[in-house]
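Peer 1: For what it's worth, my numbering labels the leading residue of the sequence shown as 28, then goes sequentially.
Note that beta-carbon positions come from the ideal geometry of N, C-alpha and C, so glycine has one too.
Every value quoted in this text rests on a predicted model; they were computed, and no experiment measured them.
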Amino acid sequence: MIKNFIAEIILNEEVAEKVFRLTVDAPELAEQARAGQFVQVKISDDFTLRRPLGIASTAGGHVKIFYRAVGRGTEVLSRQRAGERLEILGSLGNGFTPRDGKILLVGGGMGLAPLLCAAEKFSTDVLMGGRTSNEVTFWQKEFRPHAEEIFVTTDDGSVGKYGFVTDALPEILSAKNYAAVFTCGPEIMMRGVARLAREKNLPCEVSFEKRMACGLGACLSCSIDTAKGRRKVCKDGPIFNADEVFDYD
Ligand SMILES: Cc1cc2nc3c(=O)[nH]c(=O)nc-3n(C[C@H](O)[C@H](O)[C@H](O)COP(=O)(O)OP(=O)(O)OC[C@H]3O[C@@H](n4cnc5c(N)ncnc54)[C@H](O)[C@@H]3O)c2cc1C
Ligand code: FES
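1. Taking one C-beta from the segment 67-82 and one from the segment 98-112 each time, how about it: are there three or more such pairs within less than 8 Å?
2. Is it buried or exposed for L80, if we count other Cβ within 10 angstroms and need 16 for buried?
3. Give a yes or no on whether the C-beta atoms belonging to L132 and L116 are separated by under 8 Å.
4. Could you tell me the distance, in whole angstroms, from the CA atom of T253 to the CA atom of P125?
5. CB of F65 to nearest heavy atom of ligand 1: below 7 Å?
6. For a test of your reading of the model: does the CB of L80 fall under 7 Å from any non-hydrogen atom of ligand 1? Yes or no.
7. Give a single yes or no on whether S118 has its beta carbon closer than 7 Å to a heavy atom of ligand 2.
8. Between which two residues does the alpha helix (DSSP H) harbouring T101 extend?
9. Can you tell me the Cα-Cα spacing of N228 and G63, whole angstroms?
10. Just checking: is the beta-carbon of A240 within a distance shorter than 8 Å of some beta-carbon in chain C?
11. Sorry if obvious, but does the Cβ on C231 come closer than 7 Å to a heavy atom of ligand 2?
12. If we ignore side chains and look at the alpha-carbon of each, how far apart do L223 and D274 end up?
13. So, L49 versus I82, is the Cβ gap smaller than 8 Å?
14. Taking only the alpha-carbon atoms, compute the straight-line gap between V272 and F235 and give it to the nearest angstrom.
15. Between W166, M155, K168, A174, which has its C-alpha nearest T181's C-alpha?
16. Please check the pair I33 and H89, which I expect to be a contact at CB under 8 Å, by giving their CB distance rounded to whole angstroms.
17. Can you give me the C-alpha to C-alpha distance between F47 and A195, rounded to a whole angstrom?
18. Given 7 Å as the limit, tell me if V208 has its C-beta closer than that to any heavy atom belonging to ligand 2.
19. Answer yes or no: the CB of S185 versus the heavy atoms of ligand 2, is any distance below 7 Å?
20. When the distance is taken between beta carbons, is T151 closer than 8 Å to E114?
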């Protein structure tokens, strides 16, 4: 059930340059949330619109969120301290489809946030990419207790394989029998991942981001065109079957 939770901040710490890990005490939200869902966070009374952020962990009755401070809202959020309270609307959207068998998670940058929740709940390997080691080192630590194998690529080769996740993916998909691929990150990356999964006849689910207002399916600001017609990312997504949102021509 979607509710407005008042949650106490346990920790709000910088884990990499401008990237923060926010932990809030929210047992009821943690209990109901599915991997791939998101919340709308009220930053303060100065902000009319809430900000959508993915749920990255629900362990121990705490909800964890990873966010990059990119604008005024996330900047103000980054200055909030333990003990303060936040209004959080959730859990929103549809979530990834649970599967029998191992799932390969493929994420780039902050796209790894919702995939961490999938690693916590399902049997997974993860392929993560970033521009440099700073962008992936903290993610390696976060995924280590959950994912069986971790593959890493960086654009500059400072850690893992040199190149993009799509360069490393064909070999990984050939080495094991995965039940599905879940991906989140820049759209161009997800399209490449979806294409490679399709070549292997693997189901692929993608997590879409669109600027949002209500987050509840009421305002239409997050509509996209799909193979099934107009869809709202906040309500019909943010998780879509790749074939519904991408054509590969
Ligand atoms: C379903 C969903 C889940 C998300 N999960 C996360 C997450 O787990 N971690 C995280 O760091 N971010 C996530 N985002 C993006 C996050 O909502 C935006 O970065 C945030 O709202 C920016 O707010 P702001 O006030 O700081 O920036 P603004 O001042 O509003 O904008 C600053 C910059 O961020 C861009 N931006 C704003 N909103 C979005 C958006 N929805 N998608 C892409 N770019 C945007 C703007 O174009 C602008 O360049 C998610 C977005 C959606 C829709
Ligand atoms: S944000 Fe209002 S319909 Fe999606």
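Peer 2: Judging by the given coordinates:
1. yes
2. Looking up residue 80 in the sequence shown gives position 53. Counting Cβ neighbours within 10 Å, L80 comes out buried, since at least 16 surround it.
3. Taking the first residue of the sequence shown as position 1, residue 132 is located at position 105. Taking the first residue of the sequence shown as position 1, residue 116 is located at position 89. Not closer than 8 Å, so no.
4. For the purposes of this step, residue 253 is taken as the residue at position 226 of the sequence shown. For the purposes of this step, residue 125 is taken as the residue at position 98 of the sequence shown. Between T253 and P125, the C-alpha separation is close to 22 Å.
5. The residue labelled residue 65 in the question sits at position 38 within the sequence shown. Yes, Cβ of F65 sits closer than 7 Å to a heavy atom of ligand 1.
6. Position 53 of the sequence shown, counting from 1, holds the residue named residue 80. L80 Cβ: within cutoff of ligand 1.
7. What you label residue 118 is simply residue 91 of the sequence shown in a count that begins at 1. No - ligand 2 has no heavy atom lying nearer than 7 Å to the Cβ of S118.
8. Position 74 of the sequence shown, counted from the first residue, corresponds to residue 101. From DSSP, the alpha helix (DSSP H) with T101 extends over 99-105.
9. Taking the first residue of the sequence shown as position 1, residue 228 is located at position 201. Taking the first residue of the sequence shown as position 1, residue 63 is located at position 36. If you take the alpha carbons of N228 and G63, they lie about 22 Å apart.
10. In the structure shown, chain C cannot be found, because there is only a single protein chain.
11. As a first step, residue 231 is located in the sequence shown; it is residue number 204 there, counting from the start. No; taking the cut-off as 7 Å, the Cβ of C231 has no heavy atom of ligand 2 nearer than that.
12. Stepping through the sequence shown from its first residue, residue 223 is reached at position 196. Stepping through the sequence shown from its first residue, residue 274 is reached at position 247. Straight-line Cα distance between these residues: approximately 13 Å.
13. For this step, residue 49 is matched to residue 22 along the sequence shown. For this step, residue 82 is matched to residue 55 along the sequence shown. The answer is no: Cβ separation not under 8 Å.
14. As a first step, residue 272 is located in the sequence shown; it is residue number 245 there, counting from the start. As a first step, residue 235 is located in the sequence shown; it is residue number 208 there, counting from the start. Taking the straight line from one Cα to the other gives about 9 Å.
15. Mapped onto the sequence shown, residue 181 falls at position 154. The candidate whose alpha carbon is nearest that of T181 is M155.
16. Counting from 1 along the sequence shown, the entry for residue 33 is found at position 6. Counting from 1 along the sequence shown, the entry for residue 89 is found at position 62. About 15 Å separates the two Cβ atoms, so there is no contact after all.
17. The sequence position of residue 47 within the sequence shown is 20, counting from 1. The sequence position of residue 195 within the sequence shown is 168, counting from 1. C-alpha separation (whole angstroms): 28 Å.
18. The residue given as residue 208 occupies position 181 in the sequence shown. It does not: the Cβ of V208 is nowhere closer than 7 Å to a heavy atom of ligand 2.
19. Counting from one through the sequence shown, the residue named residue 185 turns up at place 158. For ligand 2, not one heavy atom lies less than 7 Å from the Cβ of S185.
20. Mapped onto the sequence shown, residue 114 falls at position 87. Mapped onto the sequence shown, residue 151 falls at position 124. Not a contact, by the Cβ cut-off of 8 Å.
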